[in-house]
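For what it's worth, this note's numbering labels the leading residue of the sequence shown as 784, then goes sequentially.
Glycine included, every Cβ here is placed at the ideal spot set by N, Cα and C.
Report on the structure given below.
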Amino acid sequence: MANLKWKTPRSKTRSRRAANWKLSPVTTVECSQCHQPKRPHFVCQTCGFYDGRQVIAIKDKHAGHNPG
Ligand SMILES: [Zn+2]
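Now the structure itself:
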């Protein structure tokens with residue numbers, strides 16, 4: 784294995800790969816249905832809509848479900 788000719792200078796330490804592993808902040812867009820922030824190209828977790836239609840069922844916190 785080749786040896787390093789120089790050690791990393793202090794000015795380059797911040798741009799090393801190990802120093803940039805942190806995640807970037809999550810990008811959000813406004814949901815066209817409920818206008819809440821959601822991930823682009825993801826189903827809205829607030830209303831369950833994607834591409835103008837409901838694709839997942841969102842459990843209502845109010846729990847006012849009564850049959851009949
Ligand atoms: Zn939504």
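The C-alpha of residue 808 lies about 37 Å from the C-alpha of residue 785. DSSP, reduced to helix, strand and coil, places residue 821 within a strand of the structure shown. Residue environment: residue 805 is assigned as exposed (fewer than 16 neighbouring CB atoms within 10 Å of its CB, all protein chains considered). Per DSSP, reduced to three states, the secondary structure at residue 797 is helical.
Taken atom to atom, the span from the alpha-carbon of residue 822 to that of residue 842 is near 19 Å.
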